[in-house]
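Here is the structure we will look at.
2 protein chains.
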Amino acid sequence: MAIKTIISGHEMSPRQGEILDAALVLLVSSGGNLTMGGLVKAANCSKETLYNWFGDREGLLIATIQWQASKVREPKIDLKQIDIASFENALNSFASDLLGVLSSDISVALNRLAISHANSELGNAVLENGRYAMGRRIKPLLRAAKKKSLLTYKSDEEAFRTLFGLIVRDVQIRLLLGDEIKYSKAKINKEARLAIEQFLTLYQN
Amino acid sequence: MAIKTIISGHEMSPRQGEILDAALVLLVSSGGNLTMGGLVKAANCSKETLYNWFGDREGLLIATIQWQASKVREPKIDLKQIDIASFENALNSFASDLLGVLSSDISVALNRLAISHANSELGNAVLENGRYAMGRRIKPLLRAAKKKSLLTYKSDEEAFRTLFGLIVRDVQIRLLLGDEIKYSKAKINKEARLAIEQFLTLYQN
DNA sequence: CTTATGCCGTACCGTACGGTACGGTACGGC
DNA sequence: GCCGTACCGTACCGTACGGTACGGCATAAG
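Chains as they are written, first to last, in my numbering: chain S, 2 to 206; chain A, 2 to 206.
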């Protein structure tokens, strides 16, 4: 690992990106058991390169997590002129995005990986790029809505965690444990809408 | 594995229970990496015995999951004469119990284990004794409340999943990923009460 | 006393995998 | 042409671990 850990996904060379993409594919197809030898074959690279670039296996896995995180776009909303309609819209988008990501093969594989190496830095990396990033991203929206008196709540954190619970429910843990659920776009949108409706019932002014 | 898988935790001999308890302790203390050799040392037994009784490693792990599940008591409530107070009380107990269990070392260790072996039967075993058992246990309560017009909802499943989301929120995934949260009895009760209050706001008649 | 059974302890085997070493090749700078 | 750098491919090493074999001891049945 060492210093490389700090490097964000954006600073990867094209070839490094290729390798990390191969790692993601392999991680999904192998059911989470990525081996260095397997990646060498899948990415047509040498072990020497792998170890030169990423230090060791854990460094590679962390780079893979950050690489994946660097791909998700953060949609920007104008917080200054927000009204009830655009606010609800933004919440619905957020909920759909979140459910879409959490139910994706890649997210499931990366979360499984991090969870099964709980002592290492992998868990932290996933938390930082997942749950915490979500909070940082959505709290300004909540605060803006509160300022406009669209919402009433005591603490950002509590409101966000309620929103999170209403959106995610049992979906993530079931998927992680191997429950076979099909999550179509339509189903995601339906669940997202229900979650936001309930959230607004609880917190709307 | 084979047939042993079906045996529930109750049919274990005292010595077998000792070994499974040792497996639980080892699972927690080793951070989820239970090895057969390690268990032999920890439980003062022989590998031969382990393999005779449990078939292979997976059989042992499934037996361990079922053994743990067999320990949790299921409190009984009289569904016939339920009123708003006793219903809210039952929900609060359920929520506290659930948070208490999910935040325990053993639950975290077993869920990590099952998640990191998603292709095997372990995930199923944890789902069956965890999330699904919860549903089976709480739905009669919800139905009874609905019958007494204490609650309004369309589907048992939807109502339960909302309840689940409000109670669990981000607690389980954060713990699984290694987030260091201290969950005291007081904090658990506080979060449980909030969840039930919100649930009743959404579904109470 | 004798035999069978159940279990402990240890030694052992095979393999998968992380990590290292090194020869070979392509390419850019000088 | 010559060297350095970057990378591929392969062979190799060490070890951890799942699983097997077997000898030894204790207890119970006959």
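Where a beta carbon is used, it is the ideal one built from N, C-alpha and C, also for glycine.
Counted within 10 angstroms of its Cβ, other Cβ atoms place residue i as buried (16 or more) or exposed
i	result
isoleucine 4 of chain A	Its pLDDT being 32, under 50, isoleucine 4 of chain A is placed unreliably by the model, and the measurement read from it follows with that caveat. By the neighbour-count rule (16 or more Cβ atoms within 10 Å), isoleucine 4 of chain A is not buried but exposed.
isoleucine 130 of chain S	In the sequence as presented, isoleucine is not what sits at residue 130 of chain S; that position holds asparagine. It counts as buried.
serine 47 of chain S	exposed
serine 117 of chain S	buried
isoleucine 168 of chain A	buried
alanine 187 of chain S	exposed
aspartate 98 of chain A	buried
aspartate 171 of chain S	buried
asparagine 185 of chain A	The displayed chain sequence assigns serine, not asparagine, to residue 185 of chain A. Exposed, since its Cβ has fewer than 16 Cβ neighbours within 10 Å.
glutamate 192 of chain A	buried
serine 14 of chain A	exposed
alanine 126 of chain S	buried
alanine 86 of chain A	exposed
Contact list for residue i against chain A, beta-carbon separation under 7 Å
i	result
aspartate 157 of chain S	Residues of chain A passing the Cβ test: none, with the nearest at roughly 14 Å.
Chain S within 9 Å of residue i, Cβ atoms only
i	result
alanine 193 of chain A	no
aspartate 106 of chain A	no
arginine 16 of chain A	no
phenylalanine 165 of chain A	yes
glycine 33 of chain A	yes
leucine 142 of chain A	no
glutamine 205 of chain A	no
valine 169 of chain A	yes
glycine 101 of chain A	no
asparagine 90 of chain A	no
asparagine 190 of chain A	no
asparagine 45 of chain A	no
asparagine 112 of chain A	yes
Close-in-space but distant-in-sequence residues of the same chain around residue i (CB under 6 Å, 5 per side omitted)
i	result
serine 150 of chain S	Asn206
leucine 61 of chain A	Phe55
serine 94 of chain S	none
threonine 6 of chain S	Here threonine 6 of chain S scores only 35 on pLDDT, less than 50, and its place in the model should not be relied on; the value that follows carries that caveat. Ile63, listed in sequence order.
glycine 101 of chain A	Ile189
alanine 43 of chain S	Ala23, Leu27
valine 41 of chain A	Lys48
glutamate 12 of chain S	none
leucine 35 of chain S	Leu27, Leu28
Chain A contact for residue i (CB, 9 Å cutoff)
i	result
glycine 39 of chain S	no
alanine 115 of chain S	yes
glutamine 173 of chain S	yes
threonine 50 of chain S	no
glycine 56 of chain S	no
glycine 93 of chain S	Inspection of the sequence shows that residue 93 of chain S is occupied by asparagine rather than by glycine. By this cut-off, asparagine 93 of chain S is not an interface position.
methionine 2 of chain S	Here methionine 2 of chain S scores only 33 on pLDDT, less than 50, and its place in the model is too uncertain to base an answer on.
Under 9 Å between C-beta atoms of residue i and residue j
i	j	result
alanine 160 of chain S	isoleucine 83 of chain S	no
aspartate 157 of chain A	arginine 144 of chain A	yes
glycine 179 of chain S	asparagine 120 of chain A	yes
isoleucine 189 of chain A	serine 104 of chain A	yes
glycine 39 of chain S	serine 31 of chain S	yes
glutamine 199 of chain A	leucine 128 of chain S	no
leucine 1 of chain A	leucine 152 of chain A	Lying outside 2 to 206, the shown extent of chain A, residue 1 of chain A is not represented and no answer is given.
valine 109 of chain S	leucine 176 of chain S	yes
glutamate 89 of chain A	leucine 164 of chain A	no
isoleucine 78 of chain S	glutamine 173 of chain A	no
isoleucine 63 of chain A	glutamate 122 of chain A	yes
methionine 37 of chain A	arginine 16 of chain A	no
glycine 166 of chain S	glycine 166 of chain A	yes
Partners in chain S for residue i, counting only beta-carbon separations shorter than 7 Å
i	result
asparagine 120 of chain A	Gly32
arginine 132 of chain A	Asp171, Ile174, Arg175
Chain-order list of residues whose beta-carbon lies under 8 Å from that of residue i (same chain, five-residue window excluded)
i	result
threonine 65 of chain A	Leu21, Ala24, Leu25, Leu28, Leu111
glycine 124 of chain A	Ala115, Ile116, His118
isoleucine 107 of chain S	Leu25, Leu28, Val29, Gln69
Beta-carbon neighbours of residue i, restricted to chain A and to distances below 8 Å
i	result
glycine 60 of chain S	Result: empty, since nearest Cβ-Cβ is about 18 Å, beyond 8 Å.
glutamine 199 of chain S	Thr163, Leu203
leucine 128 of chain S	Arg175, Leu178, Gly179, Asp180
Interface partners of residue i on chain A, CB under 9 Å
i	result
glycine 124 of chain S	Leu177, Leu178, Gly179, Asp180
Same chain, Cβ closer than 7 Å to residue i, neighbours up to 5 away in sequence not counted
i	result
glycine 10 of chain A	The pLDDT assigned to glycine 10 of chain A is 48, lower than 50, so where the model puts this residue is not dependable; a value taken from the coordinates is nonetheless given after this. Excluding sequence neighbours, glycine 10 of chain A sits near Gln67, Trp68, Ala70, Ser71.
arginine 194 of chain S	Asn93
arginine 132 of chain A	none
alanine 96 of chain A	Ile168, Ala193, Ala196, Ile197
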